[in-house]
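Residue 2 in our numbering sits at position 2 of the sequence shown, with consecutive numbering throughout.
These notes concern the structure reproduced below.
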Amino acid sequence: MTVDHPLRNRKSNVLANTRDAQADSIAVGTQINGKSVGAMLNVIYKYSRVYVLKGTVLSIISISLLAVQRLSDITPSFFLGVLQAVIGGCLANLYVVGLNQLSDIEIDKVNKPYLPLASGELSVKAGIRITSLYAILVCKFPSFVFFLFFSTTTITCIFMATFCY
Numbered sequence: 001m002t003v004d005h006p007l008r009n010r011k012s013n014v015l016a017n018t019r020d021a022q023a024d025s026i027a028v029g030t031q032i033n034g035k036s037v038g039a040m041l042n043v044i045y046k047y048s049r050v051y052v053l054k055g056t057v058l059s060i061i062s063i064s065l066l067a068v069q070r071l072s073d074i075t076p077s078f079f080l081g082v083l084q085a086v087i088g089g090c091l092a093n094l095y096v097v098g099l100n101q102l103s104d105i106e107i108d109k110v111n112k113p114y115l116p117l118a119s120g121e122l123s124v125k126a127g128i129r130i131t132s133l134y135a136i137l138v139c140k141f142p143s144f145v146f147f148l149f150f151s152t153t154t155i156t157c158i159f160m161a162t163f164c165y
């Protein structure tokens with residue numbers, strides 16, 4: 001038969017409390033609006049629904065490979081063009097995903113309550129800022145990269161018309 005000694009229990013409680021305090025101090029780190037940077041990045045990751053980008057990347061690469069007729073067509077400039085298309089497509093896709101979540105907050109509260117805007121994990125103001133950043137990046141991206149292939153003004157007008165409607 002074992003008898004618990006009060007001093008032993010007290011010592012283990014002190015050690016347990018010390019470990020909890022150390023874990024809390026490590027988890028806090030740098031904070032933004034009361035949340036750690038890691039937690040904020042996780043919320044932005046969930047808001048962006050990055051898994052959707054896999055389909056975008058796969059489709060752009062496969063369509064680009066359809067244009068290849070000979071092995072000699074695969075050159076560094078080909079890879080640069082594919083990379084430009086992938087980055088532009090991903091930025092546009094991120095914008096659309098953000099716009100969709102901002103438009104459907106009430107519906108998502110019922111159907112997808114785990115999404116950051118619907119659950120309140122991310123404020124609407126922050127969602128608008130993130131989505132606006134994607135819109136700015138997708139509008140500025142063609143002016144730097146697609147200049148070699150298309151008229152910058154035409155691409156920017158097409159993107160702006162898409163964002164307005």
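Note that beta-carbon positions come from the ideal geometry of N, C-alpha and C, so glycine has one too.
Quick one: using the 10 Å Cβ neighbour count with 16 as the cut-off for buried, is V138 buried or exposed?
-> Buried is the label assigned to V138, since at least 16 other Cβ atoms lie within 10 Å of its Cβ.
With DSSP collapsed to three states, give me the class of S36.
-> Looking at S36 - three-state DSSP - the assignment turns out to be strand.
So the alpha helix (DSSP H) S59 belongs to, where does it begin and stop?
-> Its alpha helix (DSSP H) spans residues 53–66.
Which same chain residues, not among the five before or five after I107, have their C-beta less than 8 Å away from its C-beta?
-> Closer than 8 Å at the Cβ level, and outside the excluded window around I107, lies no residue.
Using DSSP with H/G/I as helix, E/B as strand and the rest coil, what is N100?
-> It is helical.
Whether V68 touches I60 by CB criterion (9 Å) = No, they are not a contact pair.
Per DSSP, what kind of secondary structure is S123 in: helix, strand or coil?
-> In this structure, DSSP gives S123 a state outside helix and strand, which the three-state scheme calls coil.
Going along the chain, which residues of its own chain have a beta-carbon closer than 8 Å to the beta-carbon of I105, five neighbours each way excluded?
-> L117, A118, V124, listed in sequence order.
What do you reckon, are the CB atoms on N93 and V52 nearer than 9 Å?
-> In terms of Cβ geometry, N93 and V52 form a close pair [threshold 9 Å].
Distance between S72 and V82 (C-alpha atoms, nearest Å) = Whole-angstrom Cα-Cα distance: 16 Å.
Alpha carbon to alpha carbon, what distance is there between L122 and M40?
-> Those two C-alpha atoms are separated by around 9 Å.
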